[in-house]
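Here is the structure we will look at, set down as structure tokens.
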Amino acid sequence: MLKSVAMQSARLLAVLLFFSFSSVVLAQSFSLSLEEVSWEALPGVQSFAEAQWNEQWLIVGGRLDGLHRRQPFASMASDGRNVNLWVVDPAGQQLWSRALTDLPTELQEQLAATNLSHYQDGDQLVLIGGYAYSATAGDHITFPRLTVIDLPGFITAVQEGGSLEEHVQSVADERMAVAGGQLGKIGDHFLLVGGHRFDGRYNPHGPDHGPGFSQTYTNAVRRFRIDEGESGILIADFSETVDEVNLHRRDYNLVPQILPDGSLGYTAFSGVFQHTVDLPFLNSVDFTADGYAVNNDFAQYLSHYHSAWAAMYSAADNQMHTIFFGGISQFYVNEADEVVEDTDVPFVRTISRVTRGASGLREEVKMEVDMPGLLGAGADFFPLPGLVEVSPGILDLDALPDDAPQLIGYLFGGIESTAPNVFWSNEDEPSVASARMLAVYLDKSSVTGSREARLEGDNPLRLRVFPNPTAGALQVGLQPFEAGSLTLFVQDSTGRIVRQFAHTATSAEEQLIDLDLESLPAGPYQLILSDGYYLRAAPFIRSGE
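Using the numbering used here, the first residue of the sequence shown is number 3, and each one after it goes up by one.
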């Protein structure tokens, strides 16, 4: 059994004690193991864009250094950009590289960016935005550009020479100025989810200190097609859905999912930052062809920033599994089997699994194996070519062998840290861009579970509103997990926050409060309760006089 570790903060102790653990893992059907691949020629790179074609990897952009430094003059330095294109043959251990200098300036700059939103669509790699120093702008910017790479010709040009530009199409568009977002595709439409536009040099003290910067979260999912026009590609059928509370996130994992009804969707797991605290989201958001749904009933504790992940589906059990490899997390399980919260949100070695069952309920499991270091953040998982997929990016778990371990792919790159918390370190290289490559094996014949634990991710917040509809004040019944500071957001039908209230809960008992909403226009709204950890929402209607 795992136990919660007693901490000084009563609030923290309460949150940790809310966890429930069991050595009996529901729906467990496999174990994992990792094997280091020896290959000294690999480059160290993190937060890059990637694609696979003809059993080879294409690496675009990213950083050649570790976690960004806190000093503005050193943060995201120009010489840390990855200004080379890399083609990797993992089976034959062959490596090709080519500088970006043969491309037009606007492409040289964007393709050296970090945190590009990207998606492989068949034989094309779609790239959006990204953040880096731009000599053209004379500053660090988020690039307002969408670029499409034709993989067969582009990879051949990297390997053998010839024109790179003829295999690239690009269009400038301010709506594509997004960094730290994620890109997916359902049917003919791409989904650009979350992220922000960040221009200027990073400064932990805020935008008005030092050289300054501007930052605007998209707070949105943007849907569009990429069509062929007379003069090249164009963005068509564009729409935007805003949710200033739940889509105010970046640097997270957007994972393709087979939903309980068998349709394709995506889930945005965690990400940063909440409005009221500089901490990750614990909830998730599901996206379908028709819209999106916020999941406040399940909290994810063990993976909170972008990391390497693997997705797999079992049609036999109607279960969707997502594996998160290391990375950065607000919570972790230490060697004494204690759950620890660290609000500095450290690098961790945890490998965790989130499983969605046939009923739609989710569970989170800390798996028995850990990463062989503080690895995984800004890394990627490359599925082994030839394995059966039920949809792009989702392995068919039922098609894997039942009687022996199966190589399912490789982990590559990312940040490797010397310690859990290095942001405030004054060392020269407290973290680096990793060149390590790890083979990932899945074994359906070996399921011990002796060191695995299931975390109950139930949401303890309770919220009700009345009368509903209301022509004046709204009465709110709220029950927090414990006494403390709460925030109430009123969100309108366009997803904008139109009112915000602070409340101090005096106990963990239900409390009734009145919110004065008489100046609010008539229409449908949501009231959203936040305690800095969990969110709970209740719809209401403001009627006319």
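The C-beta atom is built at its ideal place from N, Cα and C for all residues, glycine as well. Predicted, not measured: the structure shown is a model, and the values here were computed from it.
Which one of the options has the shortest CA to CA distance from residue i?
i	options	result
Leu-44	Met-373, Leu-66, Ser-31 and Gln-54	Leu-66
Leu-481	Leu-514, Phe-491 and Pro-469	With the sequence shown as reference, residue 481 is identified as Gln, and Leu is not the correct amino acid for it. With distances taken between Cα atoms, Gln-481 lies closest to Leu-514.
Gly-64	Met-78, Gln-54, Val-47 and Ala-79	Val-47
Ala-473	Pro-92, Ala-485 and Leu-517	Leu-517
Asp-125	Leu-113, Ile-151 and Gln-276	Ile-151
Asn-336	Trp-59, Thr-352 and Phe-326	Thr-352
Thr-496	Leu-399, Ile-260 and Ala-222	Ala-222
Ile-330	Pro-422, Val-478 and Met-178	Pro-422
Ala-310	Glu-391, Trp-41, Val-39 and Ala-51	Ala-51
Glu-176	Thr-218, Gly-155, Pro-206 and Asn-205	Thr-218
Ile-530	Ser-419, Ala-437 and His-277	His-277
Ala-524	Ala-510, Val-500 and Arg-538	Val-500
Arg-538	Ser-361, Leu-376, Asn-285 and Tyr-334	Asn-285
Ser-545	Asn-470, Ala-313 and Gly-234	Asn-470
Phe-383	Ser-433, Ser-419 and His-308	His-308
Asp-404	Pro-374, Ala-435, Ser-447 and Met-439	Ser-447
Asp-239	Asn-248, His-191, Asn-205 and Gln-54	His-191
Leu-127	Thr-144, Trp-59 and Asn-298	Trp-59
Leu-409	Val-467, Ala-360 and Ala-312	Ala-312
Asn-117	Met-178, Val-392, Gln-95 and Gly-155	Met-178
Gly-214	Gly-164, Ile-143, Ile-325 and Ser-354	Ile-143
Pro-541	Leu-522, Phe-468 and Phe-483	Phe-468
Could you tell me whether the Cβ atoms of residue i and residue j are closer together than 9 Å?
i	j	result
Phe-271	Val-350	no
Gly-267	Arg-199	no
Ser-532	Leu-488	yes
Glu-365	Gly-459	yes
Leu-444	Pro-407	yes
Gln-502	Leu-490	yes
Glu-167	Leu-105	yes
Leu-102	Trp-88	no
Arg-498	Glu-246	yes
Ala-510	Ala-485	yes
Leu-129	Val-85	no
Ala-332	Gly-234	Here the sequence assigns Gln to residue 332, which means Ala is not the residue at that position. No, Cβ-Cβ distance for Gln-332 and Gly-234 is not below 9 Å.
Val-442	Ser-433	no
Glu-108	Ala-174	yes
Tyr-204	Ser-77	yes
Phe-289	Ile-188	yes
Asp-344	Tyr-334	yes
Phe-226	Leu-194	yes
Tyr-135	Arg-83	yes
Quick check on DSSP: helix, strand or coil for residue i?
i	result
Leu-304	coil
Val-26	Bear in mind that the predicted position of Val-26 carries a pLDDT of just 41, short of 50, making it unreliable; the figure below should be weighed with that in mind. Here Val-26 sits in coil by DSSP.
Ser-80	helix
Ala-134	strand
Thr-508	coil
Glu-340	strand
Pro-526	strand
His-70	coil
Arg-498	coil
Val-195	strand
Pro-154	helix
His-142	strand
Leu-102	helix
His-169	helix
Arg-177	helix
Thr-345	coil
Val-492	strand
Ile-543	strand
Thr-290	coil
Leu-397	strand
Thr-243	strand
Leu-109	helix
Ala-222	strand
Asn-441	What sits at residue 441 in the sequence shown is Ala, not Asn. Ala-441: strand per DSSP, three-state reduction.
Rounded C-beta distance between residue i and residue j? I'm assuming under 8 Å.
i	j	result
Tyr-527	Gln-493	6 Å
Thr-243	Tyr-294	7 Å
Pro-385	Gly-415	Contact flag wrong, Cβ pair sits at about 15 Å.
Val-180	Thr-220	6 Å
Pro-394	Pro-258	7 Å
Ile-417	Gly-380	5 Å
Ala-114	Glu-57	26 Å between Cβ atoms; not a contact.
Trp-55	Met-439	Not confirmed; about 18 Å, so no contact.
Asp-201	Asp-141	7 Å
Return yes when at least one heavy atom of the ligand ATP lies under 8 Å from the C-beta of residue i, else no.
i	result
Asp-229	The ligand ATP is absent from the structure shown, which contains no ligand whatsoever.
Whether or not the region 243-258 and the region 177-188 are in contact is what I'm after, with contact meaning three or more pairs of Cβ atoms, one per stretch, closer than 8 Å; do they touch?
The region 177-188 makes contact with the region 243-258; the number of CB pairs closer than 8 Å reaches 3 or more.
Measuring CB atoms only, is the region 389-401 touching the region 315-334, in the sense that at least three cross pairs come out at less than 8 Å?
The answer is yes - the region 315-334 touches the region 389-401, with three or more Cβ pairs under 8 Å.
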